[in-house]
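Down below is the structure, laid out as structure tokens.
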Amino acid sequence: MAVNTLIPASAMNFTENQQACIVLEKLWSQREAGRFCDVVLHVQGQKFQAHRNVLAACSPYFDSVLKTHKVIKEQLTVTCQNLDAFQLLLNYMYTGAVVIDKNNVSELLRLANHFLVAKLKNYCAEYLDRYLDPSNCLTVKDMAEKYNLPVLQKNASAFIHNHIVEVFDQNEILEFPFTKLEAFFKEKQCLIPQHVLLSFICKWVDHDVSKRENDLRTLLTFINWNSVERPYLDDHLKTCNLFRKNPKCMYILLTCLEENKVELLEFQSIYDSLKSQYGPGGSNVDNDSFMNIAISAAIHGLQKFPSTNNTEENTPITVAPLEKDPIKEKPPAPPVEEPAKVSSDNEETSNSSFDNTAPDGGADIDYDDDSQTSEEEKPLSTPVAGNRRKVAPRKLKLKSRKLQHYVLHAF
Numbered sequence: 001m002a003v004n005t006l007i008p009a010s011a012m013n014f015t016e017n018q019q020a021c022i023v024l025e026k027l028w029s030q031r032e033a034g035r036f037c038d039v040v041l042h043v044q045g046q047k048f049q050a051h052r053n054v055l056a057a058c059s060p061y062f063d064s065v066l067k068t069h070k071v072i073k074e075q076l077t078v079t080c081q082n083l084d085a086f087q088l089l090l091n092y093m094y095t096g097a098v099v100i101d102k103n104n105v106s107e108l109l110r111l112a113n114h115f116l117v118a119k120l121k122n123y124c125a126e127y128l129d130r131y132l133d134p135s136n137c138l139t140v141k142d143m144a145e146k147y148n149l150p151v152l153q154k155n156a157s158a159f160i161h162n163h164i165v166e167v168f169d170q171n172e173i174l175e176f177p178f179t180k181l182e183a184f185f186k187e188k189q190c191l192i193p194q195h196v197l198l199s200f201i202c203k204w205v206d207h208d209v210s211k212r213e214n215d216l217r218t219l220l221t222f223i224n225w226n227s228v229e230r231p232y233l234d235d236h237l238k239t240c241n242l243f244r245k246n247p248k249c250m251y252i253l254l255t256c257l258e259e260n261k262v263e264l265l266e267f268q269s270i271y272d273s274l275k276s277q278y279g280p281g282g283s284n285v286d287n288d289s290f291m292n293i294a295i296s297a298a299i300h301g302l303q304k305f306p307s308t309n310n311t312e313e314n315t316p317i318t319v320a321p322l323e324k325d326p327i328k329e330k331p332p333a334p335p336v337e338e339p340a341k342v343s344s345d346n347e348e349t350s351n352s353s354f355d356n357t358a359p360d361g362g363a364d365i366d367y368d369d370d371s372q373t374s375e376e377e378k379p380l381s382t383p384v385a386g387n388r389r390k391v392a393p394r395k396l397k398l399k400s401r402k403l404q405h406y407v408l409h410a411f
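For the sequence shown, position 325 matches number 325 in UniProt numbering, and the numbering has no gaps at all.
As structure tokens, this is what we get:
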């Protein structure tokens with residue numbers, strides 16, 4: 001009699017929960033022994049044998065790069081800075097188990113992100129979130145942004161803002177470049193006590209003062225000076241190491257206080273002294289600032305010399321006078337007594353010659369064209385011997401020369 005005729009029609013379902021783990025354990029043993037391996041991974045000169053089907057099943061990255069049909073062993077080169085971290089990744093693919101600590105979490109997270117191993121990536125994020133502290137929160141926040149972990153990024157940002165005083169005491173933030181620090185201060189949720197912010201800015205600049213002193217002025221704009229208590233400000237100006245050894249930084253801070261209408265009080269005399277040295281016109285003005293100031297002064301000087309009408313004699317000049325003018329205008333010719341009337345036959349009525357030579361033997365002096373000179377500006381001719389007429393020099397073109405003069409001698 002057939003067996004199927006003796007068994008009831010109802011069915012039973014059997015599932016081996018541990019079967020997958022058993023298979024993976026067998027595959028792991030085979031990999032350790034080098035059996036049935038069909039791919040070799042090269043990492044920093046070392047070779048790791050593995051099974052392509054396991055790698056492809058655990059990583060979409062390997063699933064896309066491994067060839068579909070391959071008889072001989074495939075060779076792949078993997079870029080990794082930590083051999084132990086890669087060994088952990090490979091073991092995780094076969095066993096599903098991994099041990100994460102502070103020494104391997106960064107490289108494990110990078111590998112998990114690169115090979116698209118999502119669960120391992122989440123394990124790394126969970127570890128970083130669990131062990132957030134003031135010494136690593138800034139780095140964790142950067143890692144969360146880099147590897148697209150929004151929950152971790154949000155938690156790290158909240159931790160930073162809740163422990164901002166402790167964070168500013170860490171050496172890590174002193175290594176921030178200016179652009180990164182500026183972006184950090186611009187975050188709306190970044191609520192920093194103003195006296196803490198002032199102290200940190202000075203500490204950051206003092207960490208590399210030769211490269212950062214020019215960034216001080218910009219960073220000071222983030223401070224609400226009305227919220228800084230006066231006793232703290234006075235004490236900080238007196239005791240801060242940055243201001244005691246760098247007078248330029250002291251001048252920048254005092255200038256910022258003056259611009260924000262904060263009374264300088266006992267520091268007014270210090271500011272006046274530093275202003276003569278570092279302010280506009282001081283001896284230590286950098287080249288870019290000097291050229292900007294000089295050109296502005298030159299333009300201001302030209303505005304006081306109209307292009308028409310001889311008003312320059314009555315116009316005040318605000319720049320320092322030259323010891324010796326490079327260009328001198330010829331004084332008006334003295335009146336010459338008119339001689340007896342010359343016969344009309346000898347009077348020259350056309351092709352009159354004019355002396356275009358600069359006064360006192362000067363050279364390179366241009367005169368206005370006759371067509372551009374109004375009738376009122378044309379000087380009257382005076383008859384002289386030899387039936388020739390000599391005229392007084394017309395108005396010199398001094399605009400370009402005055403610009404050069406003020407740029408060179410404004411300071």
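From the three backbone atoms N, C-alpha and C, an ideal C-beta is built for every residue, glycine too.
**Prompt:** Got a sec? Which residues, its chain only, sit under 6 Å from Tyr251 by beta carbon, not counting five neighbours each side?
**Reply:** Taking the first residue of the sequence shown as position 1, residue 251 is located at position 251. Counting only Cβ-Cβ distances below 6 Å, and skipping sequence neighbours, we find Leu274, Tyr278.
**Asked** When burial is assigned at 16 or more other CB atoms within 10 Å of the CB, is Leu89 buried or exposed?
**Response** Working through the sequence shown from its first residue, we reach residue 89 at position 89. Buried, since its Cβ has 16 or more Cβ neighbours within 10 Å.
**Item:** 6 Å Cβ shell around Asp234 - same chain, five flanking residues per side excluded
**Value:** As a working note, residue 234 is residue 234 in the sequence shown. Around Asp234: no qualifying Cβ.
**Message:** I'd like the list of long-range same chain contacts for Gln75, defined as Cβ closer than 8 Å, with 5 residues on each side in sequence excluded.
**Reply:** The sequence position of residue 75 within the sequence shown is 75, counting from 1. Only Val39, Val40, His42 meet the Cβ criterion.
**Asked** What does DSSP give as the partner residues of Leu219 in its beta bridges?
**Response** As a position in the sequence shown, residue 219 is number 219, starting the count at 1. BP columns for Leu219 are empty, so no partner.
**Message:** Considering only DSSP beta bridges, list what Gln46 is partnered with.
**Reply:** Sequence index remark: in the sequence shown, residue 46 carries index 46 (1-based). Per DSSP, Val43.
**Request:** Keeping to the same chain, check which residues put their C-beta closer than 8 Å to that of Leu132; ignore five residues upstream and five downstream.
**Result:** On the sequence shown, residue 132 is found 132 positions in, with the first residue counted as 1. Around Leu132: Val140, Asn155, Ala156, Phe159.
**Message:** Using only CA atoms, which one of Cys58, Leu219, Lys102 lies nearest to Pro177?
**Reply:** Residue mapping note: residue 177 aligns to position 177 of the sequence shown, counting from 1. With distances taken between Cα atoms, Pro177 lies closest to Leu219.
**Message:** Whole angstroms are fine: how far does the CA of Leu66 sit from the CA of Lys211?
**Reply:** Sequence index remark: in the sequence shown, residue 211 carries index 211 (1-based). Sequence index remark: in the sequence shown, residue 66 carries index 66 (1-based). The straight-line gap from Cα to Cα measures roughly 49 Å.
**Asked** Roughly how many angstroms lie between the CA atoms of Asn104 and Val205, to the nearest whole one?
**Response** Within the sequence shown, the letter at position 104 stands for residue 104. Within the sequence shown, the letter at position 205 stands for residue 205. Those two C-alpha atoms are separated by around 33 Å.
**Message:** Using a 10 Å radius around the Cβ and a threshold of 16 neighbouring Cβ atoms, would you call Cys137 buried or exposed?
**Reply:** Position 137 of the sequence shown, counted from the first residue, corresponds to residue 137. Counting Cβ neighbours within 10 Å, Cys137 comes out buried, since at least 16 surround it.
**Message:** Suppose you measure from the CA of His236 to the CA of Asp101; what does that come to, to the nearest Å?
**Reply:** One-based indexing of the sequence shown puts residue 236 at position 236. One-based indexing of the sequence shown puts residue 101 at position 101. Going from the Cα of His236 to the Cα of Asp101 covers about 42 Å.
**Asked** Taking C-beta to C-beta, are His195 and Glu172 nearer than 9 Å?
**Response** Indexing the sequence shown from 1 puts residue 195 at position 195. Indexing the sequence shown from 1 puts residue 172 at position 172. Note that the C-beta distance between His195 and Glu172 is not below 9 Å.
**Prompt:** Residues in its own chain within less than 8 Å of His163 by CB, not counting five upstream and five downstream?
**Reply:** The residue given as residue 163 occupies position 163 in the sequence shown. For His163, where only same-chain residues beyond five positions count, the Cβ hits under 8 Å are Pro134, Cys137.
**Item:** Contained alpha helix (DSSP H) runs [length at least 4] in the segment 110-175, N- to C-terminal order
**Value:** 118-130, 137-146, 150-162, 164-168
**Asked** In three-state terms, what does DSSP make of Leu265?
**Response** Walking along the sequence shown from the start, residue 265 turns up at place 265. In the structure shown, Leu265 sits in a helix (DSSP, three-state: H, G or I).
**Prompt:** When you compare each of Ser64, Phe62, Trp28 to Gly96 by their alpha carbons, which one comes out closest?
**Reply:** Your numbering for residue 96 matches position 96 in the sequence shown. For Gly96, the nearest C-alpha among the options comes from Trp28.
**Message:** Excluding the 5 residues flanking Val78 on each side, which residues of the same chain have their C-beta closer than 6 Å to its C-beta?
**Reply:** In the sequence shown, counting from the first residue as 1, residue 78 sits at position 78. Counting only Cβ-Cβ distances below 6 Å, and skipping sequence neighbours, we find Leu41, Val43.
**Item:** Identified DSSP bridge partners for Glu74
**Value:** Numbered from its first residue, the sequence shown carries residue 74 at position 74. Glu74 is bridged by DSSP to Val39.
**Identity of the residue in Glu145, Asp142, Tyr94 nearest Leu120 by Cα** = Here residue 120 is taken as the residue at index 120 of the sequence shown, counted from 1. Checked all of Glu145, Asp142, Tyr94; the closest Cα to Leu120 is Tyr94.
**Helix, strand or coil at Val65 according to DSSP, with G and I counted as helix** = Here residue 65 refers to the residue found at position 65 of the sequence shown. Assignment of Val65 by DSSP, reduced to helix, strand and coil, places it in the helix class.
**Asked** Where do the ends of the alpha helix (DSSP H) carrying Ile252 lie?
**Response** For this step, residue 252 is matched to residue 252 along the sequence shown. Here the alpha helix (DSSP H) through Ile252 covers 247-259.
**Message:** So, with DSSP's three-state summary, where would you put Thr79?
**Reply:** Along the sequence shown, one-based indexing puts residue 79 at 79. Of the three classes helix, strand and coil, the one that applies to Thr79 here is coil, per DSSP.
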